[in-house]
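Trainee: Using our numbering, read the sequence shown as starting at 48 and increasing by one per residue.
Note that the Cβ used here is the ideal one computed from N, Cα and C, for glycine as well.
Take this structure first; my questions come after.
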Amino acid sequence: MEIRSFRCEAAMKLDQLDHLVLTVRDIELTIDFYQRVLGMEVVIFGAGRKALTFGSQKINLHQHGKEFEPKAEHPTPGSADLCFITSVPLDQVLQHFNKCGVTVLEGPIRRTGATGPILSLYLRDPDFNLIEVSNRIVEDTRP
48 MEIRSFRCEA AMKLDQLDHL VLTVRDIELT IDFYQRVLGM EVVIFGAGRK ALTFGSQKIN
108 LHQHGKEFEP KAEHPTPGSA DLCFITSVPL DQVLQHFNKC GVTVLEGPIR RTGATGPILS
168 LYLRDPDFNL IEVSNRIVED TRP
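Structure follows, in C-alpha cells:
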C-alpha cells in the first residue's frame with residue numbers, strides 16, 4: 048500500500064463513531080468476557096454475524112481467518128487498545144473484576160480522556176487487547 052500526503056482542505060466533519068471491529072480468535076469466548084465482565088449485550092445481525100453493544104455503541108466481531116470483506120489490511124487479534132467510560136465507581140468495578148477473576152494490570156490511575164481527566168483501570172480481554180475502564184473526573188472549578 049502506498050502512503051501519500053493528502054493536500055485537500057478539511058471540508059467535512061465527523062459526528063460520531065458508529066461501530067468498530069475486533070478481530071478475535073474465539074467469538075464465543077469474547078462474547079462471554081464482554082458480557083460477564085463488562086456488561087455488554089450480544090446482538091446478531093446480517094447472516095448470523097455477532098456484535099457487542101453498550102449504550103449506542105457497537106463492536107462487530109470478526110473471527111480471525113474468516114473476516115468479512117472489506118476488512119482491515121492486517122486484522123490481528125490482540126492489537127486493540129480500547130477505553131470504556133462507566134458511571135459505576137471504580138472501587139465497585141474493581142470488586143466486580145475480582146469476583147470475575149480478572150487481573151487488573153494497573154490502576155486506578157489518572158489519565159487524560161477524550162473530554163478531560165479520567166481515572167482508569169487496565170486489564171486484558173481473552174485476545175490480550177488492552178482494555179481501559181474509566182470514570183470521568185469532574186473537577187471543581189469554583190474559585
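If you reduce the DSSP assignment to three classes, tell me which class residue 55 lands in.
Mentor: Walking along the sequence shown from the start, residue 55 turns up at place 8. In this structure, residue 55 counts as coil in the three-state DSSP scheme.
Trainee: From which residue to which residue does the beta strand (DSSP E) around residue 157 run?
Mentor: Within the sequence shown, numbered from 1, the residue matching residue 157 stands at position 110. Here the beta strand (DSSP E) through residue 157 covers 153 to 159.
Trainee: Out of curiosity, what's the CA-to-CA distance linking residue 117 and residue 93?
Mentor: The count along the sequence shown starts at 1 and reaches residue 117 at position 70. The count along the sequence shown starts at 1 and reaches residue 93 at position 46. Rounded to the nearest angstrom, the two C-alpha atoms are 15 angstroms apart.
Trainee: Would residue 164 and residue 179 be called neighbours here (beta carbons separated by less than 8 angstroms)?
Mentor: Residue 164 sits at position 117 when you count from the first residue of the sequence shown. Residue 179 sits at position 132 when you count from the first residue of the sequence shown. No, the pair does not count as a contact, with Cβ atoms beyond the cut-off.
Trainee: Taking buried to mean at least 16 other C-beta atoms within 10 Å of its own C-beta, is residue 53 buried or exposed?
Mentor: As a first step, residue 53 is located in the sequence shown; it is residue number 6 there, counting from the start. Under this definition residue 53 is an exposed residue.
Trainee: If I'm right that residue 104 touches residue 71 with Cβ under 8 angstroms, what's the distance once you round it to whole angstroms?
Mentor: Here residue 104 refers to the residue found at position 57 of the sequence shown. Here residue 71 refers to the residue found at position 24 of the sequence shown. That pair is no contact at about 17 angstroms.
Trainee: Would you identify the three-state DSSP class for residue 26, choosing helix, strand or coil?
Mentor: Any answer about residue 26 is impossible in this case: the structure gives the chain only from 48 up to 190.
Trainee: What's the gap between the Cα of residue 193 and the Cα of residue 161?
Mentor: Because residue 193 is not part of the residues shown, which for the chain are 48 to 190, the question remains open.
Trainee: In the DSSP output, what is residue 182 paired with across the bridge?
Mentor: Translated into the one-based positions of the sequence shown, residue 182 becomes position 135. Note: residue 182 sits in a beta bridge opposite 166.
Trainee: State buried or exposed for residue 124, treating a residue as buried only when at least 16 other CB atoms are found within 10 Å of its CB.
Mentor: What you label residue 124 is simply residue 77 of the sequence shown in a count that begins at 1. Flag for residue 124 reads buried.
Trainee: How big is the Cα-Cα spacing for residue 83 and residue 147?
Mentor: Mapped onto the sequence shown, residue 83 falls at position 36. Mapped onto the sequence shown, residue 147 falls at position 100. Going from the Cα of residue 83 to the Cα of residue 147 covers about 8 angstroms.
Trainee: Do residue 149 and residue 170 count as a contact pair if the criterion is CB distance below 8 angstroms?
Mentor: The residue you call residue 170 lines up with position 123 of the sequence shown. The residue you call residue 149 lines up with position 102 of the sequence shown. Their beta carbons are under 8 angstroms apart, which means residue 170 touches residue 149 by this criterion.
Trainee: Rounded to whole angstroms, what is the Cα-Cα separation between residue 60 and residue 66?
Mentor: Numbered from 1 along the sequence shown, position 13 holds the residue referred to as residue 60. Numbered from 1 along the sequence shown, position 19 holds the residue referred to as residue 66. So the alpha carbons of these two residues sit roughly 17 angstroms apart.
Trainee: Name the two residues that bound the continuous alpha helix (DSSP H) containing residue 145.
Mentor: Residue 145 sits at position 98 when you count from the first residue of the sequence shown. Unbroken alpha helix (DSSP H) run through residue 145: 137 to 147.
Trainee: Note down, in chain order, each residue of its chain lying with its Cβ closer than 6 angstroms to the Cβ of residue 182, except the 5 sequence neighbours on either side.
Mentor: Stepping through the sequence shown from its first residue, residue 182 is reached at position 135. Once the five neighbours on either side are set aside, the close Cβ partners of residue 182 are 137 and 166.
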